[in-house]
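Beneath this line is the structure, given in structure tokens, with notes to follow.
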Amino acid sequence: SHHGIKPTRGATVEERFAYPLIYEPGASWAYSSSSDWLGKVIEAGTEQSLEDYMRAHIWDPLGAESFTFRVEKVRPRLWGMNTRDRETGKVKLHRGRELNDGVTDCLGGQGVYGTAGDVMKVLESLLLDDGRLLRPGTTAEMFKPQLGEKAKRSLLEAMETPEWAVGHFPVTGEYDWGLGGLLVDGEKHPNRRYGTLIWSGASNVFWWIDRTTGLCGFFATQMLPAAEEQVRPFIKAFEDEMYARLKRSRPRAAL
Numbered sequence: 001s002h003h004g005i006k007p008t009r010g011a012t013v014e015e016r017f018a019y020p021l022i023y024e025p026g027a028s029w030a031y032s033s034s035s036d037w038l039g040k041v042i043e044a045g046t047e048q049s050l051e052d053y054m055r056a057h058i059w060d061p062l063g064a065e066s067f068t069f070r071v072e073k074v075r076p077r078l079w080g081m082n083t084r085d086r087e088t089g090k091v092k093l094h095r096g097r098e099l100n101d102g103v104t105d106c107l108g109g110q111g112v113y114g115t116a117g118d119v120m121k122v123l124e125s126l127l128l129d130d131g132r133l134l135r136p137g138t139t140a141e142m143f144k145p146q147l148g149e150k151a152k153r154s155l156l157e158a159m160e161t162p163e164w165a166v167g168h169f170p171v172t173g174e175y176d177w178g179l180g181g182l183l184v185d186g187e188k189h190p191n192r193r194y195g196t197l198i199w200s201g202a203s204n205v206f207w208w209i210d211r212t213t214g215l216c217g218f219f220a221t222q223m224l225p226a227a228e229e230q231v232r233p234f235i236k237a238f239e240d241e242m243y244a245r246l247k248r249s250r251p252r253a254a255l
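Set out below in structure tokens:
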């Protein structure tokens, strides 16, 4: 409030995310708007809008035609957001502000609209490492731990009470951060293997890429607020079922 900044308000990245640092880079960890700022770096470096850049280098190579940062392009097909009535517990239409209300910039961390099927095209390409998006060495770098000692300690402290995050995150003490999201950094998780890349979104969407097991998945809702408590068990159930189906589908070795 001292700086007169209203979080998540404003039309541009600069207006929405021009916050003062809360620590020196590398000294700690916090969930932040770094992906939105990265979008501005890409625009400055390529002299293209982030929409044009991502269309040329990500969406078109995969045939993912639904993606756009421009909500008006998809509004006729856009599902409404939902929330839960505090008194009855029933799901009802959300009547508040849209997540990206008034935005004119391409928000690299939260601004893309698209279908679940097209999200799966991205996840599958990275799972298979098929070269349509990235060279194998670049893909491998996405799945490597990136945090120094201090930052990792801060992340692990945050993950001791993971209710702030959308998804199911057992308190294993085995997490790091990769170039694309949260990384599983050990073998204690009941499903996900070491190196699994995970993250989620404010409307209670959740994805993972487990290259060791050979499985990726995407769970989607249109629910607010983020980390809605009654959605979390469904995310866990979906993940458990996908791993169980994969296990059942693989033939056992002959004895």
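Per UniProt numbering, the sequence shown starts with residue 1, numbered consecutively. From the three backbone atoms N, C-alpha and C, an ideal C-beta is built for every residue, glycine too.
Note down, in chain order, each residue of its chain lying with its Cβ closer than 6 Å to the Cβ of V205, except the 5 sequence neighbours on either side.
For this step, residue 205 is matched to residue 205 along the sequence shown. These residues qualify, in order along the chain: A220.
Since L62 contacts K121 with CB under 8 Å, what's their CB separation in whole angstroms?
Here the question's residue 62 lines up with position 62 in the sequence shown. Here the question's residue 121 lines up with position 121 in the sequence shown. Their Cβ separation, rounded to whole angstroms, is 4 Å, which keeps L62 and K121 in contact under 8 Å.
How would you write the range of the beta strand (DSSP E) that K144 sits in, first residue to last?
The residue given as residue 144 occupies position 144 in the sequence shown. Premise fails: K144 is in no beta strand (DSSP E) and is neither H nor E.
With DSSP run on the structure shown, which of helix, strand or coil describes F67?
Residue 67 sits at position 67 when you count from the first residue of the sequence shown. Coil.
Given this structure, state the Cα-to-Cα distance separating residue 256 from M142, to the nearest angstrom.
Not covered by the structure: residue 256. The range shown for the chain is 1 to 255.
Counting beta carbon pairs with one atom in the segment 117-135 and one in the segment 35-47, are three or more of them shorter than 8 Å?
Because the criterion of three Cβ pairs below 8 Å is not met, the segment 35-47 and the segment 117-135 do not touch.
I need the DSSP call for V112, collapsed to helix, strand or coil.
Along the sequence shown, read from residue 1 onward, the residue named residue 112 stands at position 112. V112 falls in the coil class under three-state DSSP.
With DSSP collapsed to three states, give me the class of Y175.
Reading the sequence shown from its first residue, position 175 is the one you call residue 175. Of the three classes helix, strand and coil, the one that applies to Y175 here is strand, per DSSP.
Go ahead and label G173 buried or exposed: buried means 16 or more other beta carbons lie within 10 angstroms of its beta carbon, across all protein chains shown.
Here residue 173 refers to the residue found at position 173 of the sequence shown. Result: exposed.
Using the Cα positions of G131 and G96, report the straight-line distance between them to the nearest angstrom.
Residue 131 sits at position 131 when you count from the first residue of the sequence shown. Residue 96 sits at position 96 when you count from the first residue of the sequence shown. The alpha-carbon atoms of G131 and G96 are separated by roughly 41 Å.
Let me know the secondary structure DSSP gives S154 once reduced to three states.
In the sequence shown, residue 154 corresponds to position 154, counting from 1. DSSP places S154 in helix when its eight states are reduced to three.
Would you report the Cα separation of W177 and P145, rounded to the nearest angstrom?
Numbered from its first residue, the sequence shown carries residue 177 at position 177. Numbered from its first residue, the sequence shown carries residue 145 at position 145. Taking the straight line joining both Cα atoms gives about 6 Å.
Given that a residue counts as buried once 16 or more other Cβ atoms are within 10 Å of its Cβ, and exposed if not, what is T138?
Position 138 of the sequence shown holds residue 138. Under this definition T138 is an exposed residue.
Comparing alpha-carbon positions, which option in V103, A227, V166 lies nearest W208?
Your numbering for residue 208 matches position 208 in the sequence shown. Comparing Cα-Cα distances from W208 to each of V103, A227, V166, the minimum goes to V166.
Exposed or buried, what is W164 when buried is set at 16 or more other beta-carbons lying within 10 Å of its beta-carbon?
As a first step, residue 164 is located in the sequence shown; it is residue number 164 there, counting from the start. Answer is exposed; the Cβ neighbour count stays below 16.
Could you give the uninterrupted runs of the beta strand (DSSP E) lying entirely in the segment 19-68, keeping only those of 3 residues or more?
The segment 19-68 contains no whole beta strand (DSSP E) run of 3 or more residues.
Under three-state DSSP, which class holds R232?
Position 232 of the sequence shown holds residue 232. DSSP places R232 in helix when its eight states are reduced to three.
Apply the 10 Å Cβ neighbour rule to W79 and answer buried if 16 or more other Cβ atoms are within range, or exposed otherwise.
The residue labelled residue 79 in the question sits at position 79 within the sequence shown. Under this definition W79 is an exposed residue.
Going by DSSP, name the residue or residues bridged to V184.
Position 184 of the sequence shown, counting from 1, holds the residue named residue 184. V184 pairs with Y175.
Report the option in D185, Q222, Y243, R232 whose CA atom is closest to the CA atom of T213.
Here residue 213 refers to the residue found at position 213 of the sequence shown. Residue Y243 is the option with its Cα nearest to T213.
What are the boundary residues of the alpha helix (DSSP H) that V13 is part of?
Stepping through the sequence shown from its first residue, residue 13 is reached at position 13. Residues 13-17.
Closer than 7 Å by C-beta to G186: which residues in its own chain qualify, once you throw out the five before and the five after it? Chain order, please.
Taking the first residue of the sequence shown as position 1, residue 186 is located at position 186. For G186, where only same-chain residues beyond five positions count, the Cβ hits under 7 Å are T172, E174, Y194.
Assuming contact is defined by CB atoms lying nearer than 9 Å, are V13 and G39 in contact in what I supplied?
Counting from one through the sequence shown, the residue named residue 13 turns up at place 13. Counting from one through the sequence shown, the residue named residue 39 turns up at place 39. Yes, they are a contact pair.
Within 10 Å of its beta-carbon, does R232 have 16 or more other beta-carbons around it, so buried, or fewer, so exposed?
As a first step, residue 232 is located in the sequence shown; it is residue number 232 there, counting from the start. Counting Cβ neighbours within 10 Å, R232 comes out buried, since at least 16 surround it.
Tell me the residue span of the beta strand (DSSP E) that contains D85.
Mapped onto the sequence shown, residue 85 falls at position 85. D85 -> no beta strand (DSSP E), and no H or E assigned at all.
Can you give the Cα-Cα distance for residue 286 and G109, rounded to whole angstroms?
Summary: the structure shown does not reach residue 286, with the chain confined to residues 1 through 255, and so no result is reported for it.
The beta strand (DSSP E) spanning residue 263 covers which residue range?
Residue 263 lies beyond the residue range present for the chain, which begins at 1 and ends at 255; the question has no answer from this structure.
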